[in-house]
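> Each residue of the sequence shown is one higher than the last, beginning at 50 in my numbering.
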Amino acid sequence: MSSSQESPQLPPTTAITSKTPLKATTEKWFEYSVRVQPHHTDYSGVVWHGSYLTWIETARVECLRSMGMDFAELIKLGCDLPVVELSLRYHRILQLGEIAIVKTRMAGMKGVRMYWDCRIESGDRQQVHVTGKVTLVATDREKGKIMRQLPPTVKDILVKLL
């Protein structure tokens with residue numbers, strides 16, 4: 050393959066620095082706070098199930114960004130991390146105006162698969178509303194195929210989350 054056809058390479062780990070520290074507990078949870086807005090709810094003022102998915106995705110992307118992995122830059126470099134498996138359990142409703150804490154953490158990594166846990170709690174952390182598991186896989190955007198291995202810079206950042 051000629052150098053003009055090679056896909057762009059990610060910068061070395063030292064070129065990526067985190068400007069925002071990871072907000073994690075001792076269990077390495079990243080936390081993202083959200084207030085339930087009208088557009089998050091159904092006609093009765095209860096959070097629509099798809100809103101939880103959006104919040105979980107946002108928390109995961111923000112977690113990665115806080116570690117120095119800007120998702121937009123990752124995409125520009127030809128790597129994507131699509132969801133390939135998702136399982137959520139709804140424990141309790143959230144309603145218009147309530148505050149929720151969306152928590153996410155990487156639970157493991159095997160090859161190019163990343164396993165994430167997620168949890169949505171009440172603002173006072175006394176109630177659990179949603180729990181779940183999400184599996185991502187690294188893909189080459191140009192080829193449309195699963196990568197054989199993670200780019201070293203990506204792997205270096207992800208290992209810090211374990």
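In this text, a Cβ means the ideal position worked out from N, Cα and C, and glycines have one as well.
Who are the Cβ neighbours of S93 in its own chain at under 6 angstroms, not counting the five residues just before and after it?
Residue mapping note: residue 93 aligns to position 44 of the sequence shown, counting from 1. Same-chain partners within the cutoff: there are none.
> Quick check on the DSSP output: what are the complete alpha helix (DSSP H) runs of length 4 or more inside the segment 98-180, in order along the chain?
The qualifying runs are 98-115, 120-125.
> Less than 8 angstroms separating the beta-carbons of V85 and A149?
Position 36 of the sequence shown holds residue 85. Position 100 of the sequence shown holds residue 149. Yes. Within cutoff.
> Suppose you measure from the CA of D205 to the CA of F79; what does that come to, to the nearest Å?
Along the sequence shown, one-based indexing puts residue 205 at 156. Along the sequence shown, one-based indexing puts residue 79 at 30. Near 18 angstroms, if we compare the C-alpha coordinates of F79 and D205.
> Buried or exposed, going by whether 16 or more other CB atoms sit within 10 Å of the CB of S100?
Position 51 of the sequence shown holds residue 100. Counting Cβ neighbours within 10 Å, S100 comes out buried, since at least 16 surround it.
> Is the Cβ-Cβ distance between T184 and R168 less than 8 angstroms?
Numbered from 1 along the sequence shown, position 135 holds the residue referred to as residue 184. Numbered from 1 along the sequence shown, position 119 holds the residue referred to as residue 168. Not a contact, by the Cβ cut-off of 8 angstroms.
> Which whole runs of the beta strand (DSSP E) in the segment 75-99 are 3 residues long or more, in chain order?
Whole beta strand (DSSP E) segments, 3+ residues: 79-84.
> If you compare alpha carbons, which of I195, W165, L207 is closest to D129?
Walking along the sequence shown from the start, residue 129 turns up at place 80. For the residues I195, W165, L207, the minimum Cα distance to D129 belongs to I195.
> Which class does P70 belong to by DSSP, given the choice of helix, strand or coil?
Numbered from its first residue, the sequence shown carries residue 70 at position 21. With a pLDDT of 44 at P70, under the threshold of 50, the predicted position of this residue should be treated as unreliable, and no value is reported.
> Classify K192 as helix, strand or coil using the three-state DSSP reduction.
As a first step, residue 192 is located in the sequence shown; it is residue number 143 there, counting from the start. Reduced to three states, the DSSP call for K192 is coil.
> If I'm right that L143 touches H98 with Cβ under 8 angstroms, what's the distance once you round it to whole angstroms?
Residue mapping note: residue 143 aligns to position 94 of the sequence shown, counting from 1. Residue mapping note: residue 98 aligns to position 49 of the sequence shown, counting from 1. Not quite, the Cβ-Cβ distance comes to about 11 angstroms (not below 8 angstroms), so this is no contact.
> Kindly indicate which residue of V133, Y81, D91 has the alpha-carbon position closest to the one of L113.
Sequence index remark: in the sequence shown, residue 113 carries index 64 (1-based). Ranking the options by Cα distance to L113, first place goes to Y81.
> Could you give the distance in angstroms between the alpha-carbon of I141 and the alpha-carbon of V110?
Here residue 141 is taken as the residue at index 92 of the sequence shown, counted from 1. Here residue 110 is taken as the residue at index 61 of the sequence shown, counted from 1. The amino acid occupying residue 141 in the given sequence is Arg; Ile does not appear at that position. About 25 angstroms.
> Beta-carbon within less than 6 angstroms of V186's beta-carbon, same chain only, minus the 5 sequence neighbours each way: which residues are those?
In the sequence shown, counting from the first residue as 1, residue 186 sits at position 137. V133, V161, R162, I195, listed in sequence order.
> Roughly how far, in whole angstroms, is the beta-carbon of R190 from the beta-carbon of I124, given that I think they are within contact range, below 8 angstroms?
Looking up residue 190 in the sequence shown gives position 141. Looking up residue 124 in the sequence shown gives position 75. Confirmed, Cβ separation roughly 7 angstroms.
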